[in-house]
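Have a look at the structure below before the remarks.
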Amino acid sequence: MLENYRVVELGVWVAGPSAGGILADWGADVIKVEPPEGDPMRRVFQLIAGHGRTESPPFDLDNRGKRSVVLDLKHEADRQRLHALVRTADVFLTNLRAGALERLGFGPDALLAENPHLVYALVTGYGLEGPDATRPGYDVGGFWARTGIAATLAAGDTPPPNIRGGFGDHVTGLATLSGILGALLERERTGKGQLVETSLLRTGVYCLGWDLGIQLRFGKLAGPVARTEEMNPLVNCYRAGDGRWFWLLGVESQRHFPNLCRSIGREDLIDDERFADGRARRHHAVELIAILDEAFAASSRDEIAAAFDAHGVWWAPVLTPEEVVEDPQAIAAGAFVEVPEGGGAPAHRAVASPVTFHGGGVPPVGPVPGLGEHTAQVIGSRGGGEGVET
Numbered sequence: 217m218l219e220n221y222r223v224v225e226l227g228v229w230v231a232g233p234s235a236g237g238i239l240a241d242w243g244a245d246v247i248k249v250e251p252p253e254g255d256p257m258r259r260v261f262q263l264i265a266g267h268g269r270t271e272s273p274p275f276d277l278d279n280r281g282k283r284s285v286v287l288d289l290k291h292e293a294d295r296q297r298l299h300a301l302v303r304t305a306d307v308f309l310t311n312l313r314a315g316a317l318e319r320l321g322f323g324p325d326a327l328l329a330e331n332p333h334l335v336y337a338l339v340t341g342y343g344l345e346g347p348d349a350t351r352p353g354y355d356v357g358g359f360w361a362r363t364g365i366a367a368t369l370a371a372g373d374t375p376p377p378n379i380r381g382g383f384g385d386h387v388t389g390l391a392t393l394s395g396i397l398g399a400l401l402e403r404e405r406t407g408k409g410q411l412v413e414t415s416l417l418r419t420g421v422y423c424l425g426w427d428l429g430i431q432l433r434f435g436k437l438a439g440p441v442a443r444t445e446e447m448n449p450l451v452n453c454y455r456a457g458d459g460r461w462f463w464l465l466g467v468e469s470q471r472h473f474p475n476l477c478r479s480i481g482r483e484d485l486i487d488d489e490r491f492a493d494g495r496a497r498r499h500h501a502v503e504l505i506a507i508l509d510e511a512f513a514a515s516s517r518d519e520i521a522a523a524f525d526a527h528g529v530w531w532a533p534v535l536t537p538e539e540v541v542e543d544p545q546a547i548a549a550g551a552f553v554e555v556p557e558g559g560g561a562p563a564h565r566a567v568a569s570p571v572t573f574h575g576g577g578v579p580p581v582g583p584v585p586g587l588g589e590h591t592a593q594v595i596g597s598r599g600g601g602e603g604v605e606t
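Counting in the working numbering, the sequence shown runs from 217 upward without gaps.
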């Protein structure tokens with residue numbers, strides 16, 4: 217699908233490389249430029265917690281199918297090699313800090329002057345302007361903490377929840393991917409490239425758009441509450457008698473409440489004045505949730521699932537990661553792929569990109585590159601190489 221598009225990626229960690237990873241999955245020639253020590257994600261377990269593991273599945277997910285080139289940008293000769301490489305590119309993708317890029321000579325003005333057809337994709341923590349534009353981000357800071365997302369997940373004085381790594385980065389990577397493709401479409405019409413900027417902050421604010429839109433419009437917002445006080449008990453999580461959790465999906469509570477009552481053998485609740493409509497259920501949510509908790513505690517999740525399905529109740533199981541990788545539905549939906557052996561990792565099963573193109577045009581995913589595996593192929597031993605001006 218993206219055959220003959222060349223992407224030069226000067227990125228580390230996750231948000232930038234994840235966009236490049238999907239571009240590679242879709243057939244683009246993504247050349248990943250790394251320092252001599254490599255992208256720190258290659259040794260993420262050592263950096264975060266001192267583990268000695270050399271394999272890094274998080275790195276592999278976002279970097280398979282790319283070609284790895286090592287350049288030491290502290291040296292003028294390697295900076296010139298990168299300039300030559302960018303002149304052959306359709307896209308320059310980076311999440312290095314804007315100030316560092318300018319000091320190295322790889323800011324957007326410089327590269328767009330050299331290659332007016334270039335789409336320059338820059339991923340930042342907090343944007344290019346403002347008092348904290350240069351502040352270090354990571355997705356914990358830029359996506360979760362600064363945007364209000366973490367605060368809306370904690371009820372009362374409960375501390376914000378533990379953040380799973382890479383979550384906000386990957387959403388920002390998808391936003392970056394969208395921006396790149398939009399700019400390439402624009403280039404088809406005008407012949408001109410442009411700067412495309414995304415940030416963890418902007419992406420997180422967009423993701424919390426429902427809540428922030430209410431805050432903007434009404435000047436206030438209902439805060440998070442404990443699950444025992446959820447205003448719509450039909451959109452809430454519950455625990456079965458075997459300890460396994462599930463979620464009710466009754467957004468249209470008036471429509472779904474009768475079937476839920478029938479599924480647990482409590483038809484009497486349908487005509488109970490406390491639960492007569494959505495407003496009544498909101499005012500008596502604590503009572504209704506307690507009734508449901510008691511009913512669900514008497515059965516296993518499999519038993520509850522059978523009753524739900526027999527009565528048309530909308531629900532979803534809360535699966536553990538161990539369960540997800542064996543989930544027949546996730547497998548059938550194409551959520552996993554087989555990655556071939558490469559210089560950077562053995563053959564392995566991995567998470568797929570989140571889009572299926574039923575018309576074809578997308579090659580099988582490529583292997584994970586070893587550090588600098590393609591330097592000679594792309595750059596050459598004297599600064600030349602395939603398609604690189606010298």
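For glycine and all other residues, C-beta sits at the position ideal for the given N, C-alpha and C.
Pair within 7 Å by beta-carbon distance, isoleucine 247 and leucine 393:
No, Cβ-Cβ distance for isoleucine 247 and leucine 393 is not below 7 Å.
DSSP state of phenylalanine 308, grouped into three classes?
strand
Run the CB neighbour count on alanine 329, radius 10 Å, all protein chains shown included, and call it buried at 16 or more, exposed below.
exposed
Strand pairing of arginine 565, partner residues [DSSP]:
Glu554
Measure the alpha-carbon distance for aspartate 306 versus glutamine 262 and round it to whole angstroms.
35 Å
Range of the contiguous alpha helix (DSSP H) that encloses arginine 497
Unbroken alpha helix (DSSP H) run through arginine 497: 494 to 499.
Cβ-Cβ distance between histidine 472 and glycine 466 below 7 Å:
yes
Is alanine 469 near asparagine 452, with beta carbons less than 7 Å apart?
The sequence given here has serine at residue 469, not alanine. Contact flag unset, no.
For aspartate 276, three-class secondary structure by DSSP
helix
Short Cβ contact (7 Å threshold) for glycine 236 with proline 579:
Here glycine 236 is not near proline 579, since their CB atoms are 7 Å or more apart.
Report the rounded CA-to-CA distance for proline 570 versus proline 251, giving the unit in angstroms.
29 Å
Alpha carbon to alpha carbon, how far is tryptophan 463 from proline 533?
6 Å
Check serine 284 in the structure and name its three-state DSSP category.
strand
What's the gap between the Cα of arginine 517 and the Cα of glutamate 542?
18 Å
Could you have a look at alanine 546 and say whether DSSP puts it in helix, strand or coil?
helix
Near valine 339, what residues of its chain come up, given a Cβ to Cβ distance below 6 Å and the 5 sequence neighbours on each side ignored?
Ala231, Gly232, Asn311, Thr392, Thr414
Report the option in Asp348, Phe322, Glu402, Gly420 whose CA atom is closest to the CA atom of glycine 382.
Nearest to glycine 382 by alpha-carbon distance, out of Asp348, Phe322, Glu402, Gly420, is Gly420.
Here's a check: name, in chain order, each residue in its chain whose Cβ is nearer than 6 Å to the Cβ of valine 224, leaving out the five neighbours to either side.
Ile247, Leu301, Val302, Ala305, Phe308
Express the C-alpha separation of isoleucine 379 and glutamate 605 in angstroms, rounding to a whole number.
Note that glutamate 605 scores 48 on pLDDT, short of 50, meaning its location in the model is unreliable and no value can be drawn from it.
Under 8 Å by Cβ, that's how I've got valine 584 and arginine 280 pegged, so tell me the actual separation to the nearest angstrom.
5 Å
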